[in-house]
Amino acid sequence: MAKKESKEKLALLGGPKTVVQPQPPYPVIGHEEVNAATEVIMSRQLSDVGTGKFIQRFEKDFARHFGSKHCLSLSSGTSAIHCALFAVGVRPGAEVLTCAHNWISAITAILHAGGTPVFCDVKPGCWHIDPAEIKRKATPNTKAVVVTHLWGMPADMDPILKVCGELGIPVIEDVSHAQGSKYKGKYCGTIGEVGAFSLQGSKAIVAGEGGFLLTNSKRNFQRAQVPGHHGARLSSEMSIKEMKPFAQGGGAWTYRMFPVAAAIAIEQLGRLPALNAARQANFDRLRARLKNVPLIQWPKLHRDSVRGWYGTPANFDASKAPFSRDTFIKACNAEGAGIGGEGYCDYSQIPLFQDMDLYSQMFVPKHANGVEFKPVKLGDLPNYDAIKKSSLRFIIPATESPMLMDQMANSIHKVLANADALVKWEKAPRK
Ligand SMILES: Cc1ncc(COP(=O)(O)O)c(C=O)c1O
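Numbering (this note's numbering), first residue to last: 411 to 841.
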């Protein structure tokens with residue numbers, strides 16, 4: 411960075427801000443989305459039974475894009491996980507393994523399916539469920555594992571599939587952060603039994619609100635319709651004998667997709683490769699400008715994998731810094747860098763999953779077969795605790811923004827060039 415800027419006073423101490431370029435508007439919306447939404451509105455097909463032409467086209471296009479035999483449109487990512495769990499056989503009294511290091515839906519969707527979540531730790535230094543934990547925590551009541559490809563980083567699926575294969579437990583992928591991510595040449599969401607995606611407005615592609623699931627199994631596809639699709643669709647499509655009686659109760663949760671959302675999402679799907687490429691270019695530029703900054707360590711992707719994009723994580727190496735991670739974040743954010751910490755709170759420790767009085771008001775604490783929800787003790791997920799303390803999260807825009815990336819990098823260089831002043835600030839007593 412320019413010497414002048416590095417000598418300037420930190421913004422935290424009253425100096426000028428380094429990042430003055432605004433974040434580009436998000437989501438990236440063009441006339442295509444507007445026209446598609448207008449077409450649906452003017453067609454007056456604002457609600458169908460999940461079989462109208464816009465919904466059908468959505469399911470066809472998304473299945474084709476991801477190379478999956480079936481796509482089921484849904485109202486959200488949460489409903490997609492619920493339906494995926496129902497499809498693979500999660501019923502009241504089942505245990506489902508998941509991570510606390512997650513968005514809450516990969517926990518609550520298990521409860522919606524009548525299951526009991528069992529929190530697993532992540533692999534050391536990693537953002538994904540540890541296969542060793544799956545082995546340790548699986549019981550004869552375990553009916554599924556939810557693997558979240560957190561922050562767009564593909565989980566190392568082979569060891570997970572191996573353990574789950576040996577135990578006979580189906581794997582559900584939560585791909586809400588990872589549209590377009592690939593593992594060994596396959597799209598995330600097409601590797602396990604079922605892949606569940608959110609299209610909520612902050613995701614790599616959006617419907618506003620919406621979701622879908624992918625599966626290669628016709629049986630899973632039909633079973634997944636049961637919790638939330640309309641009885642009319644179930645009666646016409648259902649060929650699985652034991653599922654047919656559900657047809658009259660179809661729509662119990664009403665998880666159908668809004669056709670306007672489907673039309674927007676179809677246009678967004680066409681943009682996905684370009685949006686991900688722009689984010690990769692922005693990230694490459696930022697990383698190149700920070701290559702001599704050892705306190706920021708970028709996670710290594712598994713070889714043969716391609717990342718998708720949501721919040722972009724890194725690790726803060728405290729051994730290379732004279733100040734704490736939180737002080738570093740404060741100083742960078744005063745410069746306008748918009749850096750976050752761990753992102754999600756530790757869901758294993760929130761009142762809903764610690765206080766059984768609260769839990770019992772929403773969910774069944776103990777099932778007839780003896781399966782019982784057990785709150786996690788503080789310190790029982792040590793790998794997660796470690797990664798939480800060292801996490802950083804960057805916002806990488808979906809529109810090529812070289813100036814913004816340079817200013818973000820400059821803000822970090824400025825903070826490092828003023829390390830002595832920052833250490834002094836950190837040590838100063840505060841009221
Ligand atoms: C990892 C993950 N899973 C699931 C969901 C749930 O998606 P939705 O908000 O569409 O229900 C989200 C949404 O933020 C998410 O980030």
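Ideal Cβ positions, reconstructed from N, Cα and C, are used throughout, including at glycine.
Query: Helix, strand or coil: how does DSSP classify Gly-494 here?; Result: For the record, residue 494 in the displayed sequence is Ala; it is not Gly. Three-state DSSP puts Ala-494 in a helix.
Query: Does Gly-503 come out as helix, strand or coil in the three-state DSSP assignment?; Result: coil
Query: With distances taken between CB atoms, is the gap from Leu-422 to Leu-682 smaller than 9 Å?; Result: no
Query: Which same chain residues, not among the five before or five after Asp-694, have their C-beta less than 8 Å away from its C-beta?; Result: none
Query: Between which two residues does the beta strand (DSSP E) carrying Glu-583 extend?; Result: 581 to 584
Query: Does the distance between the C-beta of Tyr-720 and the nearest non-hydrogen atom of ligand 3 fall short of 8 Å?; Result: With respect to small molecules bound, the structure shown includes ligand 1 and not ligand 3.
Query: Would you kindly work out how many angstroms separate the C-alpha atoms of Ile-806 and Trp-835, rounded to a whole number?; Result: 29 Å
Query: Using 8 Å as the cut-off, can you tell me whether the stretch 523 to 536 makes contact with the stretch 791 to 804, which would need three or more C-beta pairs spanning the two stretches below that distance?; Result: yes
Query: Which residue comes first and which comes last in the alpha helix (DSSP H) that contains Ala-473?; Result: 463 to 476
Query: Can you tell me whether DSSP reads Ser-453 as helix, strand or coil?; Result: helix
Query: Using the beta-carbon count (16 or more within 10 Å), is Asp-540 buried or exposed?; Result: buried
Query: Could you round the C-beta distance between Val-430 and Gln-690 to whole angstroms and report it? I think they count as a contact, below 8 Å.; Result: Not quite, the Cβ-Cβ distance comes to about 24 Å (not below 8 Å), so this is no contact.
Query: Note down, in chain order, each residue of its chain lying with its Cβ closer than 7 Å to the Cβ of Glu-476, except the 5 sequence neighbours on either side.; Result: The question names Glu, but residue 476 is Phe in the sequence shown. Around Phe-476: Tyr-597, Gly-599, Thr-600 and Leu-624.
Query: Report yes if the CB atom of Met-667 is closer than 9 Å to the CB atom of Phe-656, and no otherwise.; Result: no
Query: Let me know if Thr-864 comes out buried or exposed under the rule of 16 or more other beta-carbons within 10 Å of its beta-carbon.; Result: Not covered by the structure: residue 864. The range shown for the chain is 411 to 841.
Query: I'd like to know if the stretch 610 to 623 and the stretch 669 to 682 are in contact, where contact means that at least 3 CB-CB pairs between them fall below 8 Å.; Result: yes
Query: Would you say Ile-491 touches ligand 1, meaning its beta carbon is less than 8 Å from a heavy atom?; Result: yes
Query: Per DSSP, what kind of secondary structure is Gly-659 in: helix, strand or coil?; Result: helix
Query: Under the DSSP definition of a beta bridge, which residues are partnered with Phe-607?; Result: Phe-622
Query: Got a sec: does ligand 1 put a non-hydrogen atom nearer than 8 Å to the Cβ of Gln-589?; Result: no
Query: In whole angstroms, what is the alpha-carbon distance linking Ala-744 and Leu-826?; Result: 14 Å
Query: At what residue ranges does the stretch 698 to 766 contain a whole run of the alpha helix (DSSP H), taking only runs of 4 or more?; Result: 735 to 744
Query: Does DSSP put Ala-554 in a helix, a strand or coil?; Result: strand
Query: Name the DSSP bridge partner or partners of Leu-484?; Result: Gly-621
Query: Could you tell me whether the stretch 775 to 791 touches the stretch 755 to 763, using the rule of 3 or more Cβ pairs below 8 Å?; Result: yes
Query: Hey, quick one: how far does the beta strand (DSSP E) through Cys-574 stretch, first residue to last?; Result: No beta strand (DSSP E) holds Cys-574; the alpha helix (DSSP H) holding it covers 567 to 577.
Query: Tell me whether the beta-carbon of Gly-602 lies closer than 9 Å to the beta-carbon of Val-581.; Result: yes
Query: From the DSSP output, in three-state form, read off Val-444 for me.; Result: helix
Query: Which word fits Gly-605, buried or exposed, when buried means at least 16 other C-beta atoms lie within 10 angstroms of its C-beta?; Result: buried
Query: Against chain B, with Cβ distances strictly below 9 Å, would Gly-499 count as a contact?; Result: Within the model displayed, chain B is absent; a lone protein chain is all it includes.
Query: DSSP three-state label for Ile-539, please.; Result: strand
Query: Whole angstroms is fine: what's the gap from Phe-496's alpha carbon to Arg-697's?; Result: 42 Å
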